[in-house]
Amino acid sequence: MKDIFTAPFVEEMKQTTANMYRLGWDERNGGNISMLLDAREVAEYLDLTRVVRTIPTGFEAKALAGKIFIVTGTGKYFKNVTPDPENNLGIIRIAEDGVTAELLWGFADGSRFTSELPAHLMSHIARLSVDPENRVIMHSHPTNTLAMTYVHDLSERAFTRTLWQLNTECIVVFPDGVGVLPWMVCGTNEIGEATAEKMKEFRLVVWPVHGIYGAGRTMDEAFGLIETVEKTAMTYLLASHLPIINKISDDQLKALAKRFALDYRKEFLD
Ligand code: 2HA
Ligand code: ZN
Numbered sequence: 007m008k009d010i011f012t013a014p015f016v017e018e019m020k021q022t023t024a025n026m027y028r029l030g031w032d033e034r035n036g037g038n039i040s041m042l043l044d045a046r047e048v049a050e051y052l053d054l055t056r057v058v059r060t061i062p063t064g065f066e067a068k069a070l071a072g073k074i075f076i077v078t079g080t081g082k083y084f085k086n087v088t089p090d091p092e093n094n095l096g097i098i099r100i101a102e103d104g105v106t107a108e109l110l111w112g113f114a115d116g117s118r119f120t121s122e123l124p125a126h127l128m129s130h131i132a133r134l135s136v137d138p139e140n141r142v143i144m145h146s147h148p149t150n151t152l153a154m155t156y157v158h159d160l161s162e163r164a165f166t167r168t169l170w171q172l173n174t175e176c177i178v179v180f181p182d183g184v185g186v187l188p189w190m191v192c193g194t195n196e197i198g199e200a201t202a203e204k205m206k207e208f209r210l211v212v213w214p215v216h217g218i219y220g221a222g223r224t225m226d227e228a229f230g231l232i233e234t235v236e237k238t239a240m241t242y243l244l245a246s247h248l249p250i251i252n253k254i255s256d257d258q259l260k261a262l263a264k265r266f267a268l269d270y271r272k273e274f275l276d
């Protein structure tokens, strides 16, 4: 059996959480990440017949029965994942009943997975239904994205358009646009269901006055989506109190879409 502390998926969680913390996106215990793992790969590091303990999930996720995820822990700080992965991360398998998580490794201090597990698992189900390759769901509190939700129209069309208009990369990186929920109480099945519903159409979902969700086939894809929104939200805030005289027109966005063969959300342009 290989040493779990050297597993590439543990390393990836360490690097990503450290990076997000360093960027100031995940204060205190803010943010959470879940990544779907390949059972054969996990079996090189862990005895999959050995369940450390079981934890009720509080909702039904039968569609994910047997699937294994590495997830961040509730109340855990991203800054502490790198020095202490075994207490801050866990590897869980969704049991056949769909309502129990079988802990295979981690949460060694008796802790449990993120309070946002409903939003994560329901979003995994939603993304997998439209993209069987999806692996990662990421939640974060990026500073400028959060600030943009205080001052900008929260319709999906208006929010996405502003981002598309202010950074040439945006329509290329997220032609599907940005989904936006109303403000809701976090950590609940309700916000999980609402997030997952949006995730059928968008890989990015904004939680106003809270943060953002990103989904992707890889950690880089989910991170890169959030990073591109965050960078553009920053430029929006730098300029939005000034008379903006240059931005990307709809015709120019259409030219970009043509050049990059983008399947973009047509109804978001005039
Ligand atoms: O885990 O980010 O949304 C802390 C949070 C809750
Ligand atoms: Zn949050």
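Under our numbering, the very last position in the sequence shown is 276; numbers go up by exactly one each time.
Even glycine gets a Cβ: it sits at the ideal position worked out from N, Cα and C.
Residue i, buried or exposed, once every other Cβ within 10 Å from all chains shown has been counted against 16
i: P181; result: buried
i: R271; result: buried
i: W189; result: exposed
i: L248; result: exposed
i: V215; result: exposed
Spatial neighbours of residue i in its chain, beta-carbon cut-off 8 Å, leaving aside the 5 residues before and after
i: E203; result: A132
i: L262; result: T174, I177, V178, I254 and L268
i: A245; result: L172
Per DSSP, the bridge partner or partners of residue i
i: V77; result: S40 and G96
i: V142; result: M41 and G222
i: W111; result: I97
i: I310; result: Limits of the chain in this structure are 7 at one end and 276 at the other, which puts residue 310 out of reach.
i: W31; result: Answer by DSSP bridge pairing: none, since W31 is not bridged.
i: G72; result: None; G72 has no bridge partner.
i: G183; result: DSSP, once it has assigned bridges, lists no residue as partnering G183.
Rounded separation between residue i and residue j - CA only
i: T149; j: W31; result: 6 Å
i: I100; j: E139; result: 18 Å
i: W111; j: V58; result: 7 Å
i: T166; j: T60; result: 41 Å
i: L195; j: P124; result: The question names Leu, but residue 195 is Asn in the sequence shown. Their backbone Cα atoms lie some 6 Å apart in a straight line.
i: P14; j: M26; result: 18 Å
i: P102; j: L134; result: The amino acid at residue 102 is misidentified as Pro; the sequence shows Glu. Their backbone Cα atoms lie some 18 Å apart in a straight line.
i: I250; j: P91; result: 46 Å
i: L95; j: A228; result: 19 Å
i: T183; j: E108; result: For the record, residue 183 in the displayed sequence is Gly; it is not Thr. If I take the Cα positions, the gap works out to 35 Å.
i: I217; j: T151; result: Here residue 217 turns out to be Gly, not Ile, going by the sequence shown. Going from the Cα of G217 to the Cα of T151 covers about 7 Å.
7 Å CB neighbourhood of residue i in its chain, flanking five on each side removed
i: A69; result: I131
i: L259; result: W170, I177 and L275
i: R265; result: none
Close beta carbons around residue i, own chain, < 6 Å, minus the five adjacent residues each side
i: I39; result: T78 and M144
Option in the options with minimal Cα separation from residue i
i: R34; options: W213, T12 and V87; result: V87
i: N207; options: G220, A45 and D44; result: Residue identity differs from the one stated: residue 207 is Glu in this sequence, not Asn. Ranking G220, A45 and D44 by Cα distance to E207 puts G220 first.
i: M240; options: F266, L210, A153 and R209; result: A153
i: G37; options: H126, E17 and G104; result: H126
i: L29; options: E233, H158, G104 and K264; result: E233
i: F75; options: T120, L231 and F65; result: T120
Test: residue i CB closer than 8 Å to a CB of chain D
i: H126; result: The structure shown contains no chain D, having only a single protein chain.
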